[in-house]
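Here is the structure we will look at.
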Amino acid sequence: MEPAQALWIDGRDSGCRVGLANRWRSRAIGLLATRQLDRLDGLWLSPCAAVHMVGMAYALDIVFLDRSGGVLRVVPGLRPWAAAVCRGAHQTLELRAGLAAGLAIRLGSRLALSAPPPAPSAAPPAPAPAR
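Residue numbers (UniProt numbering): 1 to 131.
Next comes the structure, spelled out in structure tokens:
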């Protein structure tokens, strides 16, 4: 899984941090190895058009997205041992149950990820030479 990234909703930083699973192994494992979401608010899977909750210990909100991050479907509180699919989806965001409604994510919302900015260096940048 890639480092946590900022979740942007309709051009605004939501304050949520999500992991990115964009390789076969990280998508296959997903959140199965977790007992609860504590360090992250969710997981962005790409590509992904279907999820299952087999072996999960808690419910999740599932947000299906097109290639450009447009919301196609929101499945609130998908329970363990259930599944959901969305025709035409290319990416899926798994969020802590109840968070999709709390963030007002709905059909047509536009979601995106961005990596956190680099940490500031210890020394300030050198001034430009005078001309």
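Backbone N, C-alpha and C fix where the C-beta goes; we use that ideal spot for every residue, glycine too.
In angstroms with no decimal places, state the Cα-to-Cα distance between residue i and residue j.
{"i": "Ala-30", "j": "Leu-43", "result": "Strictly speaking, residue 30 in this sequence is Gly, with Ala absent from that position. Cα-Cα distance, rounded: 7 angstroms."}
{"i": "Asn-22", "j": "Met-56", "result": "20 angstroms"}
{"i": "Leu-93", "j": "Val-74", "result": "9 angstroms"}
{"i": "Ser-14", "j": "Leu-40", "result": "13 angstroms"}
{"i": "Cys-16", "j": "Arg-25", "result": "24 angstroms"}
{"i": "Leu-32", "j": "Pro-3", "result": "17 angstroms"}
{"i": "Thr-34", "j": "Gly-108", "result": "30 angstroms"}
{"i": "Trp-8", "j": "Trp-81", "result": "29 angstroms"}
{"i": "Ser-114", "j": "Asp-38", "result": "20 angstroms"}
With distances taken between CB atoms, is the gap from residue i to residue j smaller than 7 angstroms?
{"i": "Ala-100", "j": "Asp-66", "result": "no"}
{"i": "Ala-97", "j": "Ala-59", "result": "yes"}
{"i": "Val-54", "j": "Ala-84", "result": "no"}
{"i": "Gly-69", "j": "Ala-112", "result": "yes"}
{"i": "Gln-36", "j": "Leu-20", "result": "no"}
{"i": "Ala-86", "j": "Leu-72", "result": "A quick correction: the sequence has Cys, not Ala, at residue 86. Taking 7 angstroms as the Cβ cut-off, Cys-86 and Leu-72 qualify as a contacting pair."}
{"i": "Asp-10", "j": "Arg-110", "result": "yes"}
Since residue i is in the beta strand (DSSP E), which residue starts that stretch and which ends it?
{"i": "Leu-45", "result": "42-45"}
{"i": "Ala-112", "result": "111-114"}
{"i": "Leu-107", "result": "It is not in any beta strand (DSSP E) - Leu-107 carries neither H nor E in the DSSP assignment."}
{"i": "Arg-96", "result": "91-96"}
Out of the options, point me to the one whose CA is closest to residue i's CA.
{"i": "His-90", "options": "Phe-64, Ser-109 and Gly-108", "result": "Phe-64"}
{"i": "Arg-106", "options": "Pro-76, Leu-32 and Gly-88", "result": "Pro-76"}
{"i": "Leu-45", "options": "Ala-28, Gly-108 and Ala-82", "result": "Ala-28"}
{"i": "Pro-47", "options": "Gly-88, Arg-110 and Ser-114", "result": "Gly-88"}
{"i": "Leu-95", "options": "Val-18, Trp-8 and Ala-82", "result": "Val-18"}
- Pick out the complete beta strand (DSSP E) segments inside the stretch 1-82, 3 residues or longer, and give them in chain order. Within the stretch 1-82, the complete beta strand (DSSP E) runs of at least 3 residues are 2-9, 12-21, 42-45, 50-52, 60-65 and 71-78.
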